[in-house]
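A.B. asks:
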């Protein structure tokens, strides 16, 4: 299973345990092939390996009581121990011989009666010098292999997300039904609001509800599902835009839909940021609703930016809901012609409100233009996702 992630280093603890000799040899040959190909470095602990398996390993480390007795090429181990007075008998498994030598009270191996502690000390001194030479001269530094490219990682995650969605069609259909139901509900409540004087007071609530609706559904998604998240705000926009009776201009409908998508992605990004920086799931599900409510409170509908206390200006600037609401409001109100019924005329016979620009001025929505609001949302998405990436990769709780 570990090989599926293409690790740079593969550490195995007795991988041959429970295997017969033939299977164990085949496994070790496979591991040697991986190491020779440069796919990864293989480090393994082995229990009583047979001779053929022992010969497959390039490096060898022998420990006794937690201290290193030998560290170096496996092919040179017998020669080192022979220099210390421990000669391996013929037709003897080198691994078994070495284990017998380094084990306490192992007896006399190869006719040597010298103290094992003394010989181990000599070996440590000698090997410290020899291994240092090997690393400096015989083993030039090897450049680290590149990890799996980001494009490949994203493709794999996207394929996985697609397969998961197809297997959970009931969940997908439920999400689709939620988007359609909310669009129909909002559209029928504010059905064909028209362009008369009362429409000016009903137009802003419907735009704000459209914005916060994307925040509610988008906050539960993850990065690999972004492409599967996009159809939901698009379907929502198609239904609600024409039911409510907003300006029947193709460019304005496209801009409205784009802001719904950006709002949904912003909510997702905020959720990713919170979940990446919170230590536990319980903490993230507590912090995220609070963050979303703050964004909605400072969304520009309940409290116009001009009326905010100065010490809350920074929260207003961080609210993605504000930029979404600002964008769809400017898109809808710009160029809107407002009419009057006879009962709505002023005493002098004039129409109190004749254009959407008057509503923009009245609500103080002209402090930023449509493109500025869109760029602010894009910047919000980039920054929060970058911080989420830092939280996932760098923060270790």
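Numbering (this note's numbering), first residue to last: 3 to 399.
The C-beta atom is built at its ideal place from N, Cα and C for all residues, glycine as well.
Could you tell me the alpha carbon to alpha carbon distance between residue 256 and residue 380, rounded to whole angstroms?
C.D. replies: Within the chain shown, the letter at position 254 stands for residue 256. Within the chain shown, the letter at position 378 stands for residue 380. If you take the alpha carbons of residue 256 and residue 380, they lie about 17 Å apart.
A.B. asks: From residue 12 to residue 81, what does the alpha carbon distance come to, in whole angstroms?
C.D. replies: On the chain shown, position 10 is the one that residue 12 refers to. On the chain shown, position 79 is the one that residue 81 refers to. Their backbone Cα atoms lie some 29 Å apart in a straight line.
A.B. asks: Taking the Cβ atom as the reference point for each residue, do residue 90 and residue 55 lie within a distance shorter than 8 Å?
C.D. replies: Within the chain shown, numbered from 1, the residue matching residue 90 stands at position 88. Within the chain shown, numbered from 1, the residue matching residue 55 stands at position 53. Their beta carbons are not under 8 Å apart, which means residue 90 does not touch residue 55 by this criterion.
A.B. asks: Taking the alpha-carbon positions, what's the residue 131 to residue 276 distance?
C.D. replies: Residue numbering aside, residue 131 sits at position 129 when the chain shown is read from its first letter. Residue numbering aside, residue 276 sits at position 274 when the chain shown is read from its first letter. With a pLDDT of only 48 at residue 131, under the threshold of 50, the placement of this residue in the model should not be trusted, and no figure is reported.
A.B. asks: In terms of residue numbering, what span does the alpha helix (DSSP H) encompassing residue 52 cover?
C.D. replies: What you label residue 52 is simply residue 50 of the chain shown in a count that begins at 1. Taken as a continuous stretch (DSSP letters only), residue 52 belongs to no alpha helix (DSSP H), as it is neither H nor E.
A.B. asks: Which of the three DSSP states is assigned to residue 343 in this structure?
C.D. replies: In the chain shown, counting from the first residue as 1, residue 343 sits at position 341. If DSSP states are grouped into helix, strand and coil, residue 343 belongs with coil.
A.B. asks: For residue 343, I'd like the list of residues in its chain whose CB is within less than 8 Å of its CB, leaving aside the five on either flank, ordered along the chain.
C.D. replies: What you label residue 343 is simply residue 341 of the chain shown in a count that begins at 1. Here the set comprises 198 and 199.
A.B. asks: Taking 8 Å as the cut-off, decide whether the C-beta atoms of residue 330 and residue 382 are in contact.
C.D. replies: Position 328 of the chain shown, counted from the first residue, corresponds to residue 330. Position 380 of the chain shown, counted from the first residue, corresponds to residue 382. Going by C-beta atoms, residue 330 is not nearer than 8 Å to residue 382.
A.B. asks: What residue range does the beta strand (DSSP E) around residue 65 cover?
C.D. replies: Looking up residue 65 in the chain shown gives position 63. From DSSP, the beta strand (DSSP E) with residue 65 extends over 61 to 66.
A.B. asks: List the residues that DSSP assigns as beta-bridge partners of residue 74.
C.D. replies: Your numbering for residue 74 matches position 72 in the chain shown. Answer is 62, bridged to residue 74.
A.B. asks: Please report how far the alpha carbon of residue 238 lies from the alpha carbon of residue 188, in whole angstroms.
C.D. replies: Taking the first residue of the chain shown as 1, we reach residue 238 at position 236. Taking the first residue of the chain shown as 1, we reach residue 188 at position 186. Rounded to whole angstroms, residue 238 to residue 188 spans 10 Å at the Cα level.
A.B. asks: Tell me the residue span of the beta strand (DSSP E) that contains residue 12.
C.D. replies: Position 10 of the chain shown holds residue 12. 11 to 15 is the span of the beta strand (DSSP E), which, as asked, contains residue 12.
A.B. asks: Measure the Cβ-Cβ separation of residue 387 and residue 268 and say whether it is below 8 Å.
C.D. replies: Translated into the one-based positions of the chain shown, residue 387 becomes position 385. Translated into the one-based positions of the chain shown, residue 268 becomes position 266. For residue 387 and residue 268, no; Cβs fall outside 8 Å.
A.B. asks: Between which two residues does the alpha helix (DSSP H) harbouring residue 333 extend?
C.D. replies: As a position in the chain shown, residue 333 is number 331, starting the count at 1. Element bounds for residue 333: 322 to 335.
A.B. asks: Quick check on DSSP: helix, strand or coil for residue 188?
C.D. replies: As a position in the chain shown, residue 188 is number 186, starting the count at 1. DSSP places residue 188 in helix when its eight states are reduced to three.
A.B. asks: How is the alpha helix (DSSP H) around residue 370 delimited, first residue to last?
C.D. replies: Working through the chain shown from its first residue, we reach residue 370 at position 368. Per DSSP, residue 370 belongs to no alpha helix (DSSP H) and is neither H nor E.
A.B. asks: Excluding the 5 residues flanking residue 37 on each side, which residues of the same chain have their C-beta closer than 7 Å to its C-beta?
C.D. replies: On the chain shown, position 35 is the one that residue 37 refers to. Cβ neighbours of residue 37 beyond the five flanking positions: 43 and 44.
A.B. asks: Report the partner residues of residue 69 according to the DSSP bridge assignment.
C.D. replies: Working through the chain shown from its first residue, we reach residue 69 at position 67. DSSP lists 66 as partners of residue 69.
A.B. asks: Is the beta carbon of residue 210 less than 8 Å from the beta carbon of residue 314?
C.D. replies: Numbered from 1 along the chain shown, position 208 holds the residue referred to as residue 210. Numbered from 1 along the chain shown, position 312 holds the residue referred to as residue 314. For residue 210 and residue 314, no; Cβs fall outside 8 Å.
A.B. asks: So residue 281 and residue 214 are in contact, right, with Cβ under 8 Å, and what is the actual spacing, rounded?
C.D. replies: Your numbering for residue 281 matches position 279 in the chain shown. Your numbering for residue 214 matches position 212 in the chain shown. 28 Å between Cβ atoms; not a contact.
A.B. asks: One question on the structure: do residue 369 and residue 307 come within less than 8 Å of each other, judged by their Cβ atoms?
C.D. replies: Position 367 of the chain shown, counted from the start, is the residue given in the question as residue 369. Position 305 of the chain shown, counted from the start, is the residue given in the question as residue 307. Yes. Within cutoff.
A.B. asks: State the DSSP-derived secondary structure class of residue 355, mapped to helix, strand or coil.
C.D. replies: For this step, residue 355 is matched to residue 353 along the chain shown. In this structure, residue 355 counts as coil in the three-state DSSP scheme.
A.B. asks: Can you look up residue 101 in the DSSP assignment and give me helix, strand or coil?
C.D. replies: Locating residue 101 in the chain shown gives position 99, where the first residue counts as 1. Residue 101 falls in the helix class under three-state DSSP.
A.B. asks: Taking C-alpha atoms, which residue in 291, 327 and 290 lies nearest to residue 301?
C.D. replies: For this step, residue 301 is matched to residue 299 along the chain shown. Comparing Cα positions, the closest option is 327.
A.B. asks: Please name the residue, chosen from 354, 78 and 265, that lies closest to residue 232 on a Cα-to-Cα basis.
C.D. replies: Sequence index remark: in the chain shown, residue 232 carries index 230 (1-based). Closest by alpha carbon: 265.
A.B. asks: Between residue 30 and chain B, is any beta-carbon pair separated by less than 8 Å?
C.D. replies: The structure shown contains no chain B; it holds only a single protein chain.
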